[in-house]
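Enquirer: Numbering (my numbering), first residue to last: 96 to 188. Ideal placement from N, C-alpha and C gives every residue a C-beta, glycine not left out.
#1: When the Cα atoms are used, what is the spatial distance from residue 157 to residue 99?
#2: Pairing CB atoms from the segment 171 to 188 with CB atoms from the segment 135 to 143, are three or more of them under 8 Å?
#3: Just reading off the beta strand (DSSP E) that residue 160 is part of, what are its end residues?
#4: Measuring alpha carbon to alpha carbon, tell me which of 168, 133, 134 and 135 ends up nearest residue 150.
#5: Please report the straight-line C-alpha distance between residue 107 and residue 101, rounded to a whole angstrom.
#6: I'd like to check one pair, residue 114 with residue 161: are the Cβ atoms closer than 9 Å?
#7: For residue 147, collect the residues of the same chain with a Cβ closer than 8 Å to its Cβ; drop the 5 residues on either side in sequence, then sort them by chain order.
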């Protein structure tokens, strides 16, 4: 079984696993949790959104923009498959 290279990137893996544990997360929370710069995080969120692994919603809170991300069912399945493959590498049967 081969690892999904889209998820295998360290920052994208952090994003995906963070989103697995919450219903949604805003951009600032993801920056704080991952330690990524705004530009780097934005780029990786776009990559995951284009793959349909996450959905991005942009809106406003007062006058400030708010970007939130959610794991999609496709992303949840991809992450589960990735974790299973990684487990098999670590603990071969």
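Expert: Based on what the coordinates show:
#1: Translated into the one-based positions of the chain shown, residue 157 becomes position 62. Translated into the one-based positions of the chain shown, residue 99 becomes position 4. Spanning the alpha carbons of residue 157 and residue 99 requires a straight line of approximately 39 Å.
#2: Segments in contact, no.
#3: As a first step, residue 160 is located in the chain shown; it is residue number 65 there, counting from the start. Segment 159 to 166, the beta strand (DSSP E) holding residue 160.
#4: Within the chain shown, residue 150 is the residue found at index 55, counting from 1. It is 168.
#5: Residue mapping note: residue 107 aligns to position 12 of the chain shown, counting from 1. Residue mapping note: residue 101 aligns to position 6 of the chain shown, counting from 1. Take the alpha-carbon of residue 107 and the one of residue 101: they are about 7 Å apart.
#6: Sequence index remark: in the chain shown, residue 161 carries index 66 (1-based). Sequence index remark: in the chain shown, residue 114 carries index 19 (1-based). Between residue 161 and residue 114, the C-beta gap is not smaller than 9 Å, which leaves the two residues out of contact.
#7: On the chain shown, position 52 is the one that residue 147 refers to. Excluding residues up to 5 positions away in sequence, 167, 169 and 170 lie with their Cβ nearer than 8 Å to the Cβ of residue 147 in the same chain.
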